[in-house]
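The structure appears right after this line, and notes come after that.
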Amino acid sequence: MPTTNLRPALAALAADPTATTVRKLWKALSPEERTSAIAAAMADDPEGWVKNTTRAAVAKALRFRPQTVSTWPREKLVAEAARLPLDDIQLVSAYIVDLHLGHRRPMMAAFLDELGIENDHGRIDSEKVEVPAQEPARVAAAADAIATTYPADEIVTYFLTLLLQDAAVWSGVTGWLQSLRD
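The sequence shown begins at 19 in this note's numbering and counts up one residue at a time.
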């Protein structure tokens with residue numbers, strides 16, 4: 019495993035990954051990552067749920083009228099949402115997932131390919147592919163393989179996201195995450 023220099027907030031989450039929550043992971047992201055995550059979620063929002071929920075959350079956090087926030091351009095809405103402490107866990111979870119789907123698909127695909135899991139550029143079609151619980155040794159080998167190419171902060175964020183999405187399947191990442199503190 020390569021030597022890493024994780025941001026302190028991510029290092030703390032990696033040290034105890036089972037205690038990670040959506041809110042803690044969101045707070046551990048850099049402002050740039052939060053902005054990228056929100057922008058990706060907005061871009062992948064055909065039904066408008068993310069945009070409308072983001073507007074409502076920003077209006078609530080700023081104590082503005084929703085009508086006022088609805089007139090803002092997307093860039094301003096994204097910037098405000100990225101800096102505010104939003105309470106909607108479902109919304110924040112969507113942002114975190116879209117951070118990876120929008121900007122980190124090559125890393126996700128490389129990891130899943132190393133594990134032999136069928137994917138479409140990092141996206142697993144859950145209707146076609148059933149992913150079994152991953153063995154820690156295989157996960158560690160796959161993680162070490164991608165760690166030579168991708169930043170540790172991105173890998174750790176991805177692994178913590180996997181745990182939040184399905185801890186039963188991805189519990190094998192826990193050991194690798196904890197080994198980073200050594």
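From the three backbone atoms N, C-alpha and C, an ideal C-beta is built for every residue, glycine too.
DSSP bridge partner residues for residue i (one or two, in chain order)
i    : result
R141 : D138
CB of residue i within 7 Å of CB of residue j, strictly
i    : j    : result
L195 : P26  : no
A163 : E136 : no
A33  : R141 : no
V187 : A151 : yes
V115 : A57  : no
G190 : E153 : yes
L104 : A75  : yes
H139 : A127 : yes
R73  : V87  : yes
Y113 : A55  : yes
V157 : L28  : no
Residue range of the unbroken alpha helix (DSSP H) whose run includes residue i
i    : result
D171 : A170 to Q183
T192 : V191 to S197
A112 : I107 to H121
P154 : P154 to A165
Determine contact between the region 39 to 52 and the region 174 to 192, defined as no fewer than three beta-carbon pairs at a distance below 8 Å. yes
How do the region 31 to 39 and the region 58 to 68 stand: do at least 3 beta-carbon pairs fall below 8 Å, yes or no? no
4-residue-minimum alpha helix (DSSP H) runs that sit fully inside the region 20 to 100, ordered along the chain: 26 to 33, 40 to 46, 49 to 61, 67 to 80 and 84 to 87
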